[in-house]
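What follows is a short report on a single structure.
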Amino acid sequence: MTRNKAELTRKEAEVTRAEETIRREQQQIQEMRQRETELVQAKDREIALLQQQLGGKQSASYTCQVSGPGLTSATVNQPTHVLVQLTDSSGRPHSLPLNVTAQLALVSKATRTKTRWPNESRVSVATTSPSQYEVSYTPVSRGQNKLHVQINDREINGSAFTVTVYPDPRQLGHPVTVTGLDCPYGIAFKSHQEMIVSECGGHRLSIFDIREQKIRTFGSCGDSPNQMIRPAGIATDDTDNIYVSSNHKLQKFTSRGELIKCIGQEGSKEGEG
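Position 230 of the sequence shown, counted from 1, bears residue number 230 in full-length UniProt numbering, the numbering being contiguous throughout.
Below is the structure:
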């Protein structure tokens with residue numbers, strides 16, 4: 001019986017040693033896999049940096065997506081911006097550190113060449129996240145401009161972007177004479193450099209472009225929801241909807257003059273005017 005007990009103890013020791021060997025081998029395998037993953041990631045980073053140095057606008061390492069209000073148009077002396085979003089081949093945020101720069105150039109009307117603005121401090125780049133950059137600029141001259149965006153001194157895909165810079169309609173540099181209006185009263189501006197005038201005597205609204213040319217007129221005299229009588233105050237919102245106070249009511253129109261809503265009526269009760 002003593003011999004059987006010794007044999008059992010020996011077998012238990014062998015099992016313990018075997019289990020310990022298996023644990024060590026599993027740990028070694030896990031460490032090898034971790035090193036392989038780190039080597040692959042390091043190789044990917046080397047390839048990405050090499051592709052950037054070779055000047056590729058778009059490579060397998062990352063893709064640029066540019067968006068924002070300042071991508072196609074801007075207003076003199078009004079700050080605007082665009083966002084540069086970087087993603088990898090799988091569509092995930094690209095987190096490698098990159099040097100993103102930007103410049104704005106005015107296109108000469110005479111030669112159609114680009115002239116760099118002397119005040120380049122008006123263009124700045126800020127990192128909003130490891131994969132997103134905000135390019136902010138404030139144009140100082142009206143006309144056609146080119147917005148250049150580079151990554152590691154190489155133009156990104158689509159750069160340079162054509163930006164039309166409009167004069168600030170709130171700062172008129174000369175008297176504006178508009179004919180054909182019947183008792184103009186209120187004035188408001190839309191985001192696309194358009195001016196809206198309420199014609200108190202004509203019972204309508206007229207919209208003009210930046211060249212002071214009439215684009216459209218809408219409205220007529222009457223009490224219907226889409227009609228108005230002696231419109232006075234007007235305003236716009238961020239989506240260019242137009243608000244008009246007229247004949248004891250408030251009307252909301254789209255930017256093209258289509259009625260959205262009409263509230264209020266003549267009277268002394270709440271909601272009446």
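Beta carbons: idealized from backbone N, C-alpha and C, even for Gly.
So for residue i, helix, strand or coil by DSSP?
| i | result |
| --- | --- |
| Pro93 | strand |
| Pro69 | helix |
| Glu38 | helix |
| Val15 | helix |
| Ile260 | strand |
| Leu98 | coil |
| Arg211 | coil |
| Ala160 | coil |
| Ile196 | strand |
| Leu8 | helix |
| Arg216 | strand |
| Gln78 | coil |
| Ser59 | Interpretation of Ser59 is limited by its pLDDT of 43, a score under 50 that renders its predicted location unreliable; the figure taken from the coordinates is listed afterwards. Note: Ser59 maps to coil in three-state DSSP. |
| Gln227 | coil |
| Gln251 | strand |
| Thr21 | helix |
| Gln26 | helix |
| Arg204 | strand |
| Arg142 | coil |
| Gln265 | coil |
Give the C-beta separation of residue i and residue j to the nearest angstrom, bearing in mind that I take them to be a contact with Cβ-Cβ under 8 Å.
| i | j | result |
| --- | --- | --- |
| Ala232 | Cys200 | 6 Å |
| Val163 | Asn145 | 5 Å |
| Ala102 | Val66 | Incorrect: roughly 10 Å between the Cβ atoms, too far for contact. |
| residue 283 | Lys261 | The displayed coordinates of the chain run from 1 to 273. Any statement about residue 283 would go beyond what the structure contains. |
| Gln227 | Gly219 | 7 Å |
Beta carbon of residue i, beta carbon of residue j: below 7 Å?
| i | j | result |
| --- | --- | --- |
| Ser73 | Pro130 | no |
| Asp240 | Ser255 | yes |
| Thr63 | Thr87 | yes |
| Ile210 | Ile196 | no |
| Tyr137 | Val100 | no |
| Thr75 | Asp223 | no |
| Ser198 | Gly180 | no |
| Ser245 | Ile229 | no |
| Val107 | Arg142 | no |
Here's the rule I'm using: 16 or more other beta-carbon atoms within 10 Å means buried, otherwise exposed. How should residue i be labelled?
| i | result |
| --- | --- |
| Arg204 | buried |
| Ile139 | A quick correction: the sequence has Pro, not Ile, at residue 139. Result: buried. |
| Gln265 | exposed |
| Ala6 | exposed |
| Gly158 | exposed |
| Ala160 | buried |
| Val15 | exposed |
| Leu71 | buried |
| Leu39 | exposed |
| Gly91 | exposed |
| Ile22 | exposed |
| Leu104 | buried |
| Ile156 | buried |
| Leu8 | exposed |
| Ile263 | exposed |
| Ile242 | buried |
| Gln58 | Only weak support is given to the placement of Gln58: the predicted model assigns it a pLDDT of 42, under 50, and the value that follows is read from those uncertain coordinates. Exposed is the call here. |
Could you confirm whether any beta carbon from chain C is found closer than 7 Å to the beta carbon of residue i?
| i | result |
| --- | --- |
| Gly202 | In the structure shown, chain C cannot be found, because there is only a single protein chain. |
Compute every distance between the C-beta of residue i and the non-hydrogen atoms of the ligand FMN, then say whether any falls below 6 Å.
| i | result |
| --- | --- |
| Gly70 | With respect to small molecules bound, the structure shown includes none, and the ligand FMN cannot be examined in it. |
Three-pair Cβ contact test at 8 Å for the region 82–102 versus the region 147–161:
yes
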